[in-house]
Amino acid sequence: MNTRTFLSNFPTFVKRWKTYRKKLGGTPLGWTVMSDYCLDAPNKNNCITFTISPILGQVEPVAKILDKKLPAEIKKMKQAPQETIDFIKKQKEFFSLVFLFPDKDKLFNIQYFKTDMLALSESPMIPEKSRKRLKVFARSLERKGLHKKVLQNLSLVSFLYGRIVEFLTIKHYTEAIHWFPDRDSIMREGKGIIRELANVSCTNAIAGRTRYPEVHIGGENLETGEFVFDPFTRYPDIITGVFSSLPIFNSCELKEKHQQLLKGAILNNPRIAWFIMYPDKIRCFDMVALKLLYEKYLAKL
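Now the structure itself:
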């Protein structure tokens, strides 16, 4: 079996992941993937964070633990609680991949996207129920006033999620994957069409090389607006909040809470790999590069 994956192309990530797996020990039967995004926000870096952990038990008890350790999203913090800093710094079960996009608009072509959606809606390889939903979505793309940025973000998130599922499935025995994405316009677009797009992305990436895992997506109830898995997204939310505020591509503002989290929980964290995704290449960095950026920032103050 060809075991090469998208993420295998980045030695910095592979080295950090191997260290993480060694310290984690055991063979998880399944994985949890939590995600959060900061996209198209003024004076912020475009950023997507995926945080991976083994399935740690029943969803509700784990949610209660996360709710206690991470009681608030970063935007609601004035100061970073020490318990939150310690949890992100020390909790060996969590590994995060951070993706930054300095020129995000060039990563997406609306005409190609429309063509792909139409092709998927007619593919005999896709279950009929999903094909019907994709067909309705493909037709909706012909209307005026499309939310191009939302579609762009939808495409990016589903692509990256598929490559993470590919890595977990090809490199590790995986029976099930539970995805807890942040609730936002990406998840609501096309009445939750990201479920179909994510499944297609995962299937295409794995390409029949091994048994496809059960994939469960915990999202917002579109009828009630309830999102019972909110604590699961707070871990990547905090990391996204820091990286989206770093003065990398523009003069972002590093507030005191960002600096507290950066110094206390991120700079020396071996369980974070961060990527910059350019239109023609992707680079993966370790914390040395991040420390240099932060030192340059402090020197300018």
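This note's numbering applies: residue 531 is where the sequence shown begins, and numbers increase by one. Beta carbons: idealized from backbone N, C-alpha and C, even for Gly. Quick caveat: nothing in here was measured; it's all calculated off a predicted structure.
- Bounds of the alpha helix (DSSP H) holding T542 are 541-554.
- Counting along the chain, H746 sits inside the beta strand (DSSP E) bounded by residues 744-747.
- For A571, no beta strand (DSSP E) segment is defined, and its DSSP state is neither H nor E.
- F629: member of the beta strand (DSSP E) spanning 625-630, first to last residue.
- Cβ contact annotation for T533 (same chain, cutoff 6 angstroms, sequence separation greater than five): I700, in chain order.
- Membership of C782 in any alpha helix (DSSP H) is not indicated, and neither H nor E is assigned to it by DSSP.
- Checking the DSSP bridge columns, you'll see V563 partnered with I582, W709.
- In the DSSP assignment, F643 falls within the alpha helix (DSSP H) that extends over 640-651.
- D566 and T733 do not touch by the CB rule: their CB atoms are close to 24 angstroms apart, not below 8 angstroms.
- Secondary structure note for M717: its alpha helix (DSSP H) is the uninterrupted segment 715-722.
- Under the 8 angstroms Cβ criterion, the region 787-794 does not count as touching the region 583-592, having fewer than three qualifying pairs.
- Going by DSSP, M807 is part of the beta strand (DSSP E) stretching over 802-807.
- When the beta-carbon positions are compared, N575 and L630 come within less than 8 angstroms of each other.
- For F689, the enclosing alpha helix (DSSP H) stretches over residues 678-701.
- Secondary structure of R739 (DSSP, three-state): coil.
- By the neighbour-count criterion, in which a residue is buried when 16 or more other Cβ atoms sit within 10 angstroms of its Cβ, P761 is buried.
- Close CB contacts of W804 within its chain, under the 6 angstroms cut and outside five residues either way in sequence, are with V628, F815 (chain order).
- N683 is classed as buried because its beta carbon has at least 16 other beta carbons within 10 Å across all chains shown.
- Measuring C-alpha to C-alpha distances from V592 to each of V772, D767, T763 identifies T763 as the nearest.
- Beta-bridge pairing by DSSP links R813 to I806.
- Counting the other Cβ atoms within 10 Å of the Cβ of R801 gives 16 or more, which makes it buried.
- Its chain contains T581, I582, S583, I618, Y765, R801 as the residues whose beta carbon lies nearer than 8 angstroms to that of F624, once the 5 sequence neighbours on both sides are disregarded; these appear in chain order.
- DSSP places G771 in the uninterrupted alpha helix (DSSP H) bounded by 760-773.
- Boundaries of the alpha helix (DSSP H) around S660: 658-670.
- Here P777 has Y827 as same chain residues with Cβ atoms under 6 angstroms from its own Cβ, once five neighbours each way along the sequence are excluded.
- By DSSP's assignment, C577 forms a beta bridge with C568, L630.
- Residue burial is scored here from C-beta neighbours: Y808 has fewer than 16 other C-beta atoms within 10 angstroms and is therefore classed as exposed.
- With contact defined as three or more Cβ pairs closer than 8 angstroms, the region 541-554 and the region 663-670 are not in contact.
- Within the region 586-615, complete alpha helix (DSSP H) segments of at least 4 residues are found at 589-599, given in chain order.
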